[in-house]
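Notes for the one structure printed next.
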Amino acid sequence: MTTVTGAFGNGLTTPVWVLQHLLGILGIGMWAGQAGGTAVWQVPAAAVTAALAAGFAAQMGVRLPYAGPGLAASLVVVGSLVALGVRAPAAVAVLVAAVAAVFHGHAHQGPPLYWAGFASGLMLVACGGLGLSIAVTQAESDRAVRLCGGAVAVAGVLDLVGVI
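So in the working numbering, the last spot in the sequence shown is 1428, and the numbers never skip.
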């Protein structure tokens, strides 16, 4: 069995192995899929850019107060947006996704190869959420995607109260 190792591999797998990152970035991808249009690529790109910027800032010593609760709250917000089927203008969706992603990137530090892997992993997970949104909507209905968003929001609440 071959494993992904080293700084790049560690960064690549972080968005998958950390439950909050997986759910949050999947939620951002699902919300982009619900929005359609230019949001399909702008929202995930903004999220990855903001997560990287926050990680770089943290690595330079900038601290983000309430980063842990902010991460959980980002799950509640993004999950609720998907669950309620909120269709925001692309500029608003980009801003919301970027703010949510700041909490996902802030906790990480590493060499350049780690950041390349982390960016790749985030984009893959966001594309997974986008594909999930499109596939589930076509196969079942928009209600199924909303249910997935509700699950992300519930996970955020559980994280806020310390259950997960």
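Quick reminder that beta carbons are idealized off the backbone N, C-alpha and C, glycines included.
Quick caveat: nothing in here was measured; it's all calculated off a predicted structure.
Pair within 7 Å by beta-carbon distance, residue i and residue j
i, j, result
"Q1306", "A1354", "yes"
"V1409", "M1294", "yes"
"G1291", "V1416", "yes"
"V1341", "A1310", "no"
"G1343", "G1420", "yes"
"P1308", "A1296", "yes"
Under the three-state DSSP convention, the category residue i falls into
i, result
"A1352", "coil"
"P1329", "coil"
"P1279", "helix"
"M1324", "coil"
"G1297", "helix"
"S1405", "coil"
"V1304", "helix"
"A1362", "helix"
Anticipated Cβ contact below 8 Å, residue i with residue j, distance rounded
i, j, result
"Q1284", "D1406", "Not really, about 25 Å apart at Cβ, beyond 8 Å."
"Y1414", "A1347", "In the sequence under discussion, the amino acid at residue 1414 is Gly, which differs from the Tyr named in the question. Going by Cβ atoms, the distance from G1414 to A1347 rounds to 4 Å, so yes, they are a contact pair."
"G1319", "W1281", "About 16 Å separates the two Cβ atoms, so there is no contact after all."
"L1394", "V1304", "6 Å"
>> If contact is defined by three or more beta carbon pairs under 8 Å, each pair taking one atom from either stretch, is the stretch 1375 to 1395 in contact with the stretch 1333 to 1340?
In response: Flag = no, the stretch 1333 to 1340 and the stretch 1375 to 1395 do not touch.
>> Contact between the stretch 1363 to 1370 and the stretch 1316 to 1335 is defined here as three or more beta-carbon pairs at a separation below 8 Å; is this criterion met?
In response: Touching, per the Cβ criterion.
> Can you find at least 3 beta carbon pairs, one from the stretch 1388 to 1400 and one from the stretch 1319 to 1327, that sit closer than 8 Å?
Replying inline: The answer is no - the stretch 1319 to 1327 does not touch the stretch 1388 to 1400, with fewer than three Cβ pairs under 8 Å.
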